[in-house]
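Numbered per full-length UniProt numbering, the sequence shown spans residues 1 to 123.
The beta-carbon is built from N, C-alpha and C at its ideal position, and this holds for glycine as well.
Here the structure is a predicted model, which means the values were calculated and not measured.
Read the structure below first, then the notes.
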Amino acid sequence: MSAECNINTDHSNNEKQPTTLVENLGNNRNSLSDDEQAYVNRFVGDLMDVVCAWAEGVSFSRLCELTSAFEGSVIRCIRRLEELLCQMHNAAKVAGNSELENKFLEAVILIKRDIIFCASLYL
């Protein structure tokens, strides 16, 4: 299983698609308490390239060189992403979409490795 992802430092192109999705969600939900722009601004994609690099097999030390974010923030982000992907995998399974189920499972396999998923980071 392999994933392709281009690592770059220009996040504007990478953030466009998720931001567009968030804008659409904001337009479709009338019950939002804050305005649409404030809602969209809460989504930050600074670690997208870092997560993509991790999925490609980059070492944790190299990963930390790619970002100015704290190591703990990177670990927390990737762990939460793994939890979300597992939930999406289960949802696709319940919905009977085996193709989507396999994609989520592949993503989990790609990111669940090495020191980030050790039982204790003090080992």
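Whose C-alpha, out of Lys93, Glu83, Lys103 and Ile75, is nearest the C-alpha of Cys118?
-> Per the Cα distances, Ile75.
Between Cys64 and the rest of its own chain, which residues show a CB-CB distance below 8 Å, the 5 nearest in sequence each way excluded?
-> The beta carbon of Cys64 lies closer than 8 Å to those of Glu71 and Val74 in the same chain, with the five residues before and after it left out.
Integer-rounded CB distance, given that Leu47 should sit under 8 Å from Ala69 = Confirmed, Cβ separation roughly 6 Å.
Pick from Ser120, Ala38 and Ile116: whose alpha carbon is nearest that of Glu82?
-> From the listed residues Ser120, Ala38 and Ile116, the smallest Cα separation to Glu82 is found for Ile116.
Helix, strand or coil: how does DSSP classify Phe60 here?
-> Helix at Phe60.
Is the distance from the Cβ of Val51 to the Cβ of Leu66 below 7 Å?
-> Leu66 sits away from Val51, with the two beta carbons spaced by 7 Å or more.
Pair within 7 Å by beta-carbon distance, Glu101 and Lys112 = Cβ atoms of Glu101 and Lys112: not closer than 7 Å.
Inter-residue spacing [alpha-carbon to alpha-carbon] between Arg79 and Thr20 = Here the alpha carbons of Thr20 and Arg79 stand approximately 25 Å from one another.
Compute the Euclidean distance between the alpha carbons of Trp54 and Asp114, then round it to the nearest angstrom.
-> Counting only the Cα atoms, Asp114 lies some 10 Å from Trp54.
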